[in-house]
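Chains as they are written, first to last, in the numbering used here: chain A, 1 to 285; chain B, 1 to 423; chain C, 1 to 297.
Think of the CB as a built atom: it goes at the ideal place given N, C-alpha and C, for glycine as much as any other residue.
In this text, all values refer to a predicted model and were calculated from it rather than measured experimentally.
Below: the structure, in structure tokens.
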Amino acid sequence: MTAGVASLGSARWAVVQRRVLLYVVLGIFVVLFLGPVYVLLVTSLKTFQDVSLSEMWVFPRAVSLEAFRAALIRLGPNLRNSFVLVIPATLVTAAIGSINGYVFSKWRFRGSNIVFALILFGMFIPYQAILIPLVQFLRTIGLYGNLGGLILTHVIYGIPITTLMFRNFYAEIPDELLEAGYMDGLELFGVYRRIMLPLSAPGLVVVVIWQFTSVWNDFLFAVTITQRPGVQPITVALQNLAGSQVVEWNVQMAGALIAAVPTLIIYILLGKYFIRGMLAGSVKG
Amino acid sequence: MRKRHLILCMVIAVLMIMPAAVFAGGRAERPAANELEIFSWWTAGGEAEGLQALIDIYNERYPEVNVINATVAGGAGAQAKAVLASRMQGGNPPDSFQVHAGQGIIATWVVEDFMEPVTFILEDNGWMDDYPADVIDIISYQGEIYSIPVNIHRSNVMWYNRSLFADNGLEPPASMAEFFQVAEQLRARGITPLAVGGTDGWEQTHLLESVLLAELGAEAYRGLWTGATAWNGTRAKAALESFLRVMEYTNPDRAALTNIDAAQYVAEGRAAMTVMGDWVHGYYLSIGHTPNEEYGWVPFPGTAGNFLMLSDTFGLPKDVPNPQNVERWLTLIASREGQDAFNPIKGSIPARTDADRSLYDAYLLSAMDDFGRDTIVPSVAHGAAASESWVTRINDVVNILVNNRNVDQAANEFQSLAQQYAR
Amino acid sequence: MIRSRKELTKAVLIVSPSIAAITVFVYGFILWSLRTSVSAWEGIRPNYTFVGLRNYARLFRSSRFQIDLWNTAYFTVFFIAVCIVFGFLLAYLINKQIRGEGFFRTVYMFPMALSFIVTGVLWRWVLNPTAGVNVLLAGLGLPSSWGWYTDTTRIGGFHLALISIIAAASWQFIGYTMAIYLAGLRSIPEQLLESARMDGANEFTIIRRIILPMLRPITLSAMIVLGHISLKIFDLVMAMTGRGPAFATDFPGVFMFETTFRGNRYGEGAAISTVMLLMVAVVIVPYLAYTFRKEHS
Chain A
1 MTAGVASLGS ARWAVVQRRV LLYVVLGIFV VLFLGPVYVL LVTSLKTFQD VSLSEMWVFP
61 RAVSLEAFRA ALIRLGPNLR NSFVLVIPAT LVTAAIGSIN GYVFSKWRFR GSNIVFALIL
121 FGMFIPYQAI LIPLVQFLRT IGLYGNLGGL ILTHVIYGIP ITTLMFRNFY AEIPDELLEA
181 GYMDGLELFG VYRRIMLPLS APGLVVVVIW QFTSVWNDFL FAVTITQRPG VQPITVALQN
241 LAGSQVVEWN VQMAGALIAA VPTLIIYILL GKYFIRGMLA GSVKG
Chain B
1 MRKRHLILCM VIAVLMIMPA AVFAGGRAER PAANELEIFS WWTAGGEAEG LQALIDIYNE
61 RYPEVNVINA TVAGGAGAQA KAVLASRMQG GNPPDSFQVH AGQGIIATWV VEDFMEPVTF
121 ILEDNGWMDD YPADVIDIIS YQGEIYSIPV NIHRSNVMWY NRSLFADNGL EPPASMAEFF
181 QVAEQLRARG ITPLAVGGTD GWEQTHLLES VLLAELGAEA YRGLWTGATA WNGTRAKAAL
241 ESFLRVMEYT NPDRAALTNI DAAQYVAEGR AAMTVMGDWV HGYYLSIGHT PNEEYGWVPF
301 PGTAGNFLML SDTFGLPKDV PNPQNVERWL TLIASREGQD AFNPIKGSIP ARTDADRSLY
361 DAYLLSAMDD FGRDTIVPSV AHGAAASESW VTRINDVVNI LVNNRNVDQA ANEFQSLAQQ
421 YAR
Chain C
1 MIRSRKELTK AVLIVSPSIA AITVFVYGFI LWSLRTSVSA WEGIRPNYTF VGLRNYARLF
61 RSSRFQIDLW NTAYFTVFFI AVCIVFGFLL AYLINKQIRG EGFFRTVYMF PMALSFIVTG
121 VLWRWVLNPT AGVNVLLAGL GLPSSWGWYT DTTRIGGFHL ALISIIAAAS WQFIGYTMAI
181 YLAGLRSIPE QLLESARMDG ANEFTIIRRI ILPMLRPITL SAMIVLGHIS LKIFDLVMAM
241 TGRGPAFATD FPGVFMFETT FRGNRYGEGA AISTVMLLMV AVVIVPYLAY TFRKEHS
């Protein structure tokens with residue numbers, strides 16, 4: 001009996017040890033993940049004089065918002081451009097994706113699966129493969145070099161992913177509900193409007209967050225389609241800021257933080273939906 | 001019922017296009033107003049102020065013309081070039097745009113028939129002889145001049161930290177042999193002999209062109225761009241070997257530095273020398289240094305008597321609404337008054353040889369003296385000697401050569417590029 | 001479900017604008033790109049003179065593109081490996097009914113919300129050879145003269161500078177990998193593991209014999225997702241290093257962009273994009289086919 005207690009004690013000790021080890025490992029990863037963020041914050045709160053290469057990890061002597069002010073002056077217009085771009089691009093794509101998703105989940109016409117797969121392929125392609133014709137096309141219709149061209153681009157190349165997300169979401173809604181709608185005399189679009197749409201809220205949130213984040217974070221389309229600094233969204237402006245001759249690291253870090261804030265806020269406030277969207281949408285990359 | 005869905009289908013289609021269509025009207029449709037749009041990447045510092053000085057004179061002379069100063073920042077002109085390309089392709093050229101002298105404008109814009117010749121600007125004013133013949137040669141294509149140089153920069157300048165040299169009892173090297181001796185001594189004392197940048201891809205080519213000139217001389221150097229000198233010949237290969245030897249004395253963190261960062265290394269005494277265009281002089285002034293106090297300069301070792309030139313120029317695109325305004329602009333920048341208004345502020349020397357010397361500082365005067373005396377050869381790193389496509393591919397080969405140190409491979413690649421591009 | 005012909009026609013009508021848009025903007029444009037890739041277009045004016053496979057021949061002969069392909073291969077392998085190993089490790093540990101699970105998850109996954117541009121700008125500072133991690137290492141008395149992304153050493157075709165890109169990219173995607181593994185782990189019935197423990201199996205055996213085999217579909221899709229991100233990588237590199245010393249951090253996406261939109265060599269740019277498309281298609285088409293077949297059965 002005593003032997004049993006002793007072994008139980010040592011077993012428990014082993015469990016405790018293992019728990020401690022577990023937290024230590026998790027803690028190390030927390031440091032690895034937050035370390036860069038610490039540097040970001042600390043550098044952005046320093047004055048230009050205070051940014052010394054050898055004291056990069058040291059807390060600023062005096063907290064200063066100088067860098068943020070400088071970054072906002074330079075990036076302010078681009079921040080606005082990003083919102084002007086992201087809001088319509090997100091809403092329109094979500095609307096189109098929703099009705100497409102409804103059709104592809106509930107109305108399997110002949111060949112609909114092939115068509116759907118062909119649409120889906122559009123989100124996997126490296127966009128470099130359509131970039132040259134895209135630029136030529138936008139130029140022809142007078143949308144090259146402005147936000148309109150960029151919005152159109154994001155709307156169209158956003159269709160596959162939003163369609164997929166809504167399709168998977170609507171697939172969960174039981175067919176019986178739709179049948180009932182038909183019994184009540186609704187037809188195709190009526191069912192969508194009266195039955196599907198009211199049930200769409202969680203799916204819509206996921207899609208909107210996903211699309212908002214990926215359009216906000218896009219760089220390739222933005223840098224190709226907009227070259228004038230006045231119309232560029234924030235990712236391109238940040239990249240230009242970082243590539244400019246005089247390296248003001250504090251302003252760069254402040255700029256990076258400003259560019260990250262909108263999506264980070266969404267992540268923190270709506271993390272659950274964000275992650276759901278990420279799991280559903282990350283196939284796009 | 002089906003009609004309703006047809007409408008719905010159209011609604012969706014319109015929805016797709018609508019938010020974009022809002023912007024379609026925002027395209028820069030220019031009214032036939034009396035305007036002059038000057039397009040450049042001079043957005044800050046001395047170059048922006050110099051441009052403004054020119055515009056001020058223009059406004060004074062022609063108050064009825066509304067001058068639009070259209071600048072595009074970013075990427076040392078890369079963004080501006082992209083905007084320019086899209087506007088030219090779209091048939092909406094600016095009235096006059098900044099472009100590098102030589103192949104920078106010729107291969108990209110003249111050969112493809114986007115530009116009007118402007119030889120008459122110099123001829124009608126009797127200014128042909130006020131520009132060095134070598135310069136006229138560089139800006140001409142098939143007997144016609146296509147752009148007016150507003151300034152001249154020199155590429156083959158070696159800047160050095162005077163106190164580092166004095167403290168170690170060294171003299172700035174005048175030949176390649178001396179360079180290697182000096183570099184060896186500096187390295188033995190733990191000082192990086194030569195600072196080089198690398199973030200923008202052309203910095204090492206900038207160094208290479210000076211080495212090529214030093215080892216080959218002006219004639220054979222020019223031949224590299226016309227096909228007369230073989231890149232894979234014995235002499236060119238020896239020059240490439242020499243370039244690799246020079247690279248051995250450079251800082252290892254090149255990839256993290258711009259050309260200005262490299263100049264800063266010299267200013268801070270972290271390196272002894274750097275080879276860069278004379279905008280570095282403007283940078284040193286801006287950080288409060290005085291020429292011949294903190295920093296000195298010599299032509300790159302072995303290139304004394306030669307002036308590797310690059311220049312910003314402006315031209316006259318085809319189909320602009322008010323060519324007369326542009327001709328007046330080009331006349332202004334070609335004039336002595338225009339060049340003397342611009343260059344002291346920008347920190348470059350005039351392309352004309354009759355400038356008012358009292359306006360220029362010690363460095364610029366020394367560069368002007370050399371410019372008047374020396375053999376003038378076109379820079380490749382800055383687009384005077386070779387087309388933009390060629391230069392970017394040269395940059396690529398240099399970037400690999402510096403690392404794998406395979407001279408034969410590089411020489412062959414250079415040679416096949418020359419066969420493709422040399423004219 | 002009511003599937004009258006009329007209703008199906010309506011359904012097709014509703015999705016037809018999207019189908020049209022994708023047909024033009026994806027398939028039409030791909031064909032147009034292919035046409036460009038066999039054209040002589042070099043310069044400002046489009047020039048569709050047919051030149052056969054000349055652009056491809058030039059491409060595969062150029063040292064830069066060969067380096068790009070090596071970089072892509074190495075980056076893909078290490079990026080996937082790091083994400084999967086650490087993603088699984090974190091998911092496994094978090095799944096141990098720990099306190100503060102929400103906190104750990106939030107921390108590990110927040111980089112997913114960032115733009116690659118933000119990550120690139122940030123990591124360029126963190127790995128700056130004269131500041132950054134080196135200073136920290138020196139403070140700890142460790143070797144601290146690493147060149148990071150400025151390092152030009154190449155070992156067996158592997159540029160050491162790539163390590164910096166791999167680190168930054170993994171920082172961003174380990175959280176994602178963890179999330180999908182976590183979802184997978186939660187779906188493994190606890191009794192299964194319990195009975196294995198009863199049989200005296202230790203943790204490693206359980207991981208190897210039960211957990212990993214059950215998570216194989218997740219590992220596969222993680223590999224697909226991460227792999228096709230790495231084949232297309234562009235933003236991160238542009239923000240962090242550009243092409244790098246001796247193209248140590250150059251990738252086809254960067255090469256394509258510079259060739260086409262900075263160098264105006266459209267024919268060659270289109271050829272690079274075609275190669276990229278083929279690489280991605282090799283990964284994605286079988287995956288799509290597999291997914292759809294599975295869905296049907």
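- Among the CB atoms of chain B, none fall inside 7 Å of the CB of C/Pro217.
- Between C/Met223 and C/Ala179, the beta carbon gap of about 15 Å keeps them out of contact (Cβ cut-off 8 Å).
- Chain C places no beta carbon closer than 7 Å to that of A/Thr226, leaving this residue out of the contacts.
- Among the residues facing chain B, A/Arg139 is included, as its CB has a counterpart in that chain under 7 Å away.
- With respect to chain A, the C-beta atom of B/Phe23 has a partner C-beta closer than 7 Å.
- Note that the C-beta distance between A/Gly277 and A/Trp216 is not below 7 Å.
- Of the other Cβ atoms in all chains shown, 16 or more fall within 10 Å of the Cβ of B/Ser147; this residue is therefore buried.
- At least one C-beta of chain C is nearer than 7 Å to the C-beta of B/Asp396.
- Runs of alpha helix (DSSP H) with 4 or more residues, each lying fully within the segment 75-110 of chain B, are found at 78-89, listed in chain order.
- Counting along the chain, A/Ala62 sits inside no alpha helix (DSSP H), nor does DSSP assign it H or E at all.
- By the Cβ-count criterion, C/Ser39 is buried, with 16 or more other Cβ atoms from all chains shown falling within 10 Å of its own Cβ.
- Annotation note: the segment 129-207 of chain B contains the following uninterrupted beta strand (DSSP E) runs of length 3 or greater, listed N- to C-terminal: 147-149, 157-161, 192-195.
- Excluding five sequence positions before and after C/Leu69, the CB atoms of its chain that fall closer than 8 Å to its own CB belong to Pro252, given in chain order.
- Residues of the segment 103-134 of chain A with a C-beta atom less than 9 Å from some C-beta of chain B do not occur.
- For C/Glu42, the C-beta contacts it makes with chain B under 8 Å involve Ser389, in order along the chain.
- For C/Pro252, not one C-beta of chain B is nearer than 7 Å to its own C-beta.
- With the criterion set as a beta carbon lying under 7 Å from some beta carbon of chain C, the members of the segment 6-20 of chain B are Leu6, Leu8, Cys9, Ile12, Ala13, Met16, in sequence order.
- C/Phe247 is positioned such that its CB atom lies closer than 7 Å to that of C/Ile67.
- Per DSSP, B/Thr43 lies in no alpha helix (DSSP H) segment and is marked neither H nor E.
- Taking the CA atoms as reference points, B/Val377 sits about 12 Å from B/Leu212.
- Contact of A/Phe48 with chain B by beta-carbon distance below 8 Å is absent, the smallest such distance being about 14 Å.
- In the same chain as B/Asp312, and ignoring 5 residues on each side of it, the C-beta atoms closer than 6 Å to its own belong to Gln98, Val150, Asn151, in chain order.
- Of all C-beta pairs linking the segment 118-130 of chain C to the segment 26-44 of chain A, three or more are shorter than 8 Å, placing the two stretches in contact.
- Put simply, the backbone Cα of C/Ala91 is about 20 Å away from that of C/Ala196.
- Per DSSP, reduced to three states, the secondary structure at B/Ala384 is coil, with no helix or strand assignment.
- Residues of chain C with a Cβ closer than 7 Å to the Cβ of B/Met115 do not exist; the shortest Cβ-Cβ separation is about 12 Å.
- In terms of beta-carbon proximity, C/Ala289 stays away from the interface with chain B, with every pair separated by 7 Å or more.
- Looking at the DSSP output, B/Leu308 sits in a beta bridge with B/Val377.
- Beta-bridge partners of C/Ser39 (DSSP): C/Phe50.
- Taking 7 Å as the threshold, the shortest C-beta distance from A/Leu178 to chain B does not fall below it.
- Shown here, B/Ala33 sits in coil according to DSSP, grouped into three states, outside any helix or strand.
- Using a Cβ-Cβ distance cut-off of 8 Å, the segment 183-200 of chain A and the segment 151-160 of chain A are not in contact, since fewer than three pairs of beta carbons, one from each stretch, lie closer than that value.
- When B/Ile68, B/Asn404, B/Pro19, B/Ala355 are compared, the shortest CA-CA separation from C/Thr152 is found for B/Asn404.
- Contact check for A/Leu138 against A/Gly149 passes: the beta carbons are separated by less than 7 Å.
- Put simply, the CB of C/Ala270 is near chain A, with a gap under 7 Å to one of its CB atoms.
- Leaving aside the five residues that flank A/Ala256 on each side, the residues in its chain whose CB is nearer than 7 Å to its CB run, in chain order, Leu40, Leu238.
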